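Residue numbers (our numbering), protein chains in the order written: chain A, 3 to 333; chain B, 592 to 927. For each residue, glycine too, the CB sits at the ideal point set by N, CA and C. Predicted, not measured: the structure shown is a model, and the values here were computed from it. Heads up: the structure comes next, in structure tokens.
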């Protein structure tokens, strides 16, 4: 376990978080299997920062977001928030915290009720959490719409009348209606076109500044992550490969997986792309049902050693706010 | 790149495609002109709904119900594809022209082995014997870098990972040595490390086999290292066309400039606010008068809202063209 000594105050402390899914396998569902979706991850999320979780599909980044918010019950571990361990609270006790911890999903098409107007969607959490007097609700809805850059007349529209980008703005307004402290953005911009993506990124940054929000930004697009984050955590098969300040991770990655991931990202620069030496990882991500022994990455790692096959590398603090789990990293 | 003097392999002229909407028929593609030379790689770039996929489907007689080609020609090696019968088109598809689609899961028959699907084009187009086709299929598997090669032919699609399935799809597209490979967002569903593998594979195959490639994508970063020339589509028309280096060095249409500006970068200076493009593209059938991009354009002049600009060469260039009244008159550095 890492002991963080940074001055910033932790909003959330995640300790040894594990989430296993038990699944049935075989043609008749007669074999039991365990998906190690999260395998003992520990990290802090600081007040007012944007921490990004990156990794390939199936690495557990969305599960991490869900488990922190207690949308999945953790198998083991703690999620410390405001003096409480969310993992030990009952559904009823959790309700008080849910308002302050919100989430925006990838698909703005399936997260809005098609039979509710935009205004009703946004008003619902205000009403439920009693955040405004009944007569003040329409004004609050108008204000929230303005916050996300939509005109007040949109309150009377139905989701099908809106474009993908506009819907995602409504989803963000609905999350803001709860007056949260913490927002998980789970691939919140991945389904949008490039030009719309940029609008939503800019909006998220404006809102963070205005309301002092803390973001856990889950994404697979590393260029977007570099743009939006303060810190970045890289995940591989349910474990953290490394975490650190954005510039450190992008400019001097420690873990071989981070290096490979960064090297795979294409850039809008034809001359550079033609001459660039890519370090292309061979093979696929192994199944989380049956992850490799020792370090999960050893089957694809260009610098794997004997020890990597048998021993799980420790998650250790290497200074400068960075932690890494790799046998090949000195220090 | 060495193909400048050769006759075009594919030449599309004045293509127009119409779809039926609730408000009546609407043109989703219009006045589309482009060509692909033998061995050339062309990138077709645009956002969802810009008409990039439907153009290729239209040429190949694969339009969904409710959509039809209403005008134009598409000449492939001397024959107009739009005048061919279904029977003749079937000979072109998978023969002269190979396809790779976005979703490698839904493009396979789940109850047929990889091998049985891979030999289909060989049996149909090449009239090979089953034994010969199976042998060739094994070679194709090795060509696209599938470990185990022919041993995997008896696998079913679900036994392969997404990246492997996309490799098999590429093998299928290349089975009959096509002169043109059309790839429609083939890496969109894949993870970035797998995407890098597929990009390297296609670059390598093109160098070895010399086929022309049309790569359809929304991602200007992705195609930059892959193609020789790019056309940028907006609302069913080409707004800019240029050799790849030129396009990234001197993007000229405000839409291209906006697209490049809205891409966050992995290297170089950052901290800048992304130059997003406000608003959304017009719906089919609700195309504004004048330039379709004008309502979202920060550089528009009065003329843009009344008169539609045609694709025209930029000052000092014959190969770099843009459909814009102000392109070439504004400084790109100032805009980007």
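For chain A, find out if any of its Cβ atoms is closer than 8 Å to the Cβ of residue i; answer yes or no.
| i | result |
| --- | --- |
| residue 853(B) | yes |
| residue 749(B) | no |
| residue 734(B) | no |
| residue 866(B) | yes |
| residue 754(B) | yes |
| residue 638(B) | yes |
| residue 902(B) | no |
| residue 633(B) | no |
| residue 758(B) | no |
| residue 923(B) | Caution applies to residue 923(B), whose pLDDT of 46 falls short of 50 and renders its modelled position unreliable; the model cannot decide the point. |
| residue 871(B) | yes |
| residue 614(B) | no |
| residue 911(B) | no |
| residue 856(B) | yes |
Of all the CB atoms in chain B, is at least one closer than 8 Å to the CB of residue i?
| i | result |
| --- | --- |
| residue 204(A) | yes |
| residue 231(A) | no |
| residue 162(A) | no |
| residue 167(A) | yes |
| residue 59(A) | yes |
| residue 276(A) | yes |
| residue 222(A) | yes |
| residue 228(A) | yes |
| residue 197(A) | yes |
| residue 201(A) | yes |
| residue 188(A) | no |
| residue 319(A) | no |
| residue 2(A) | Any property of residue 2(A) remains undetermined from this structure, which presents chain A solely from 3 to 333. |
| residue 3(A) | Confidence in residue 3(A) is poor, its pLDDT being 43 and thus under 50, which makes the residue's placement too unreliable to answer from. |
| residue 175(A) | no |
Cα separation between residue i and residue j?
| i | j | result |
| --- | --- | --- |
| residue 259(A) | residue 59(A) | 14 Å |
| residue 239(A) | residue 917(B) | 51 Å |
| residue 733(B) | residue 726(B) | 11 Å |
| residue 254(A) | residue 856(B) | 16 Å |
| residue 882(B) | residue 891(B) | 9 Å |
| residue 675(B) | residue 668(B) | 13 Å |
| residue 828(B) | residue 836(B) | 22 Å |
| residue 924(B) | residue 849(B) | Confidence at residue 924(B) is low in this model, with a pLDDT of 44, below 50, so the placement of that residue is unreliable and no value is reported for it. |
| residue 662(B) | residue 913(B) | 22 Å |
| residue 232(A) | residue 64(A) | 19 Å |
| residue 659(B) | residue 152(A) | 36 Å |
| residue 602(B) | residue 673(B) | 12 Å |
| residue 877(B) | residue 712(B) | 41 Å |
| residue 190(A) | residue 225(A) | 15 Å |
| residue 694(B) | residue 99(A) | 40 Å |
| residue 807(B) | residue 919(B) | 26 Å |
| residue 832(B) | residue 805(B) | 14 Å |
| residue 337(A) | residue 884(B) | The shown model of chain A, from 3 to 333, leaves out residue 337(A), and the question about it has no answer. |
| residue 642(B) | residue 126(A) | 38 Å |
| residue 751(B) | residue 606(B) | 38 Å |
Tell me whether residue i sits in a helix, a strand or coil according to DSSP, three-state version.
| i | result |
| --- | --- |
| residue 261(A) | helix |
| residue 124(A) | helix |
| residue 598(B) | coil |
| residue 54(A) | strand |
| residue 644(B) | helix |
| residue 918(B) | coil |
| residue 622(B) | strand |
| residue 923(B) | Note that residue 923(B) has pLDDT 46, beneath the 50 cutoff, so the model's placement of it is unreliable and the number below is only indicative. In this structure, residue 923(B) counts as helix in the three-state DSSP scheme. |
| residue 100(A) | helix |
| residue 303(A) | coil |
| residue 252(A) | helix |
| residue 815(B) | coil |
| residue 267(A) | coil |
When every heavy atom of the ligand MG is checked, does at least one fall within less than 7 Å of the C-beta of residue i?
| i | result |
| --- | --- |
| residue 880(B) | The model depicted lacks the ligand MG and carries no ligand whatsoever. |
Using 8 Å as the limit for Cβ to Cβ distance, is residue i near chain D?
| i | result |
| --- | --- |
| residue 277(A) | Within the model displayed, chain D is absent; protein chains A and B are what it includes. |
- Message: Short of 9 Å Cβ to Cβ, which residues in the region 791-816 of chain B face chain A?
- Response: Identification of residues in the region 791-816 of chain B having a C-beta nearer than 9 Å to some C-beta of chain A yields 791, 809, 810, 811, 812, 813, 814, 815, 816, given in sequence order.
- Just by C-beta distance, which residues in the region 767-794 of chain B are closer than 8 Å to chain A? The region 767-794 of chain B vs chain A, Cβ under 8 Å: 782, 783, 784, 785, 786, 787, 788, 790, 791.
- Taking only runs of the beta strand (DSSP E) that begin and end inside the region 123-202 of chain A, which ones reach a length of at least 3 residues, in chain order? For the region 123-202 of chain A, whole beta strand (DSSP E) runs of length 3 or above, ordered along the chain, are 184-188.
- Query: Quick one, which residues of the region 825-852 of chain B are near chain A if we go by CB-CB under 7 Å, in chain order?
  - Reply: Within the region 825-852 of chain B, the residues whose Cβ lies closer than 7 Å to some Cβ of chain A are 835, 836, 839, 849, 850, 851, listed in chain order.
- Note down, one range per segment and in chain order, each beta strand (DSSP E) of at least 3 residues found wholly within the region 669-724 of chain B. Residue ranges of uninterrupted beta strand (DSSP E) with 3 or more members, entirely inside the region 669-724 of chain B and ordered along the chain, are 688-691.
- alpha helix (DSSP H) runs wholly inside the region 13-74 of chain A, at least 4 long, in chain order: Restricted to the region 13-74 of chain A, the alpha helix (DSSP H) segments that are unbroken, complete and at least 4 residues in length are 63-70, listed in chain order.
- Between the region 129-153 of chain A and chain B, which residues of the former have CB atoms less than 8 Å from a CB of the latter, in chain order? Residues passing the 8 Å Cβ filter: none.
- Residue ranges of each beta strand (DSSP E) within the region 284-328 of chain A, 3 or longer: Within the region 284-328 of chain A, the complete beta strand (DSSP E) runs of at least 3 residues fall at 318-321, 324-326.
- Message: If the cut-off is 8 Å on Cβ atoms, which residues from the region 106-118 of chain A count as contacting chain B, listed in chain order?
- Response: Residues passing the 8 Å Cβ filter: none.
- Query: Using a Cβ cut-off of 8 Å, which residues of the region 258-273 of chain A contact any Cβ in chain B, in chain order?
  - Reply: Within the region 258-273 of chain A, the qualifying residues are 262, 263, 264, 265, 266, 267, 268, 269, 270, 271, 272, 273.
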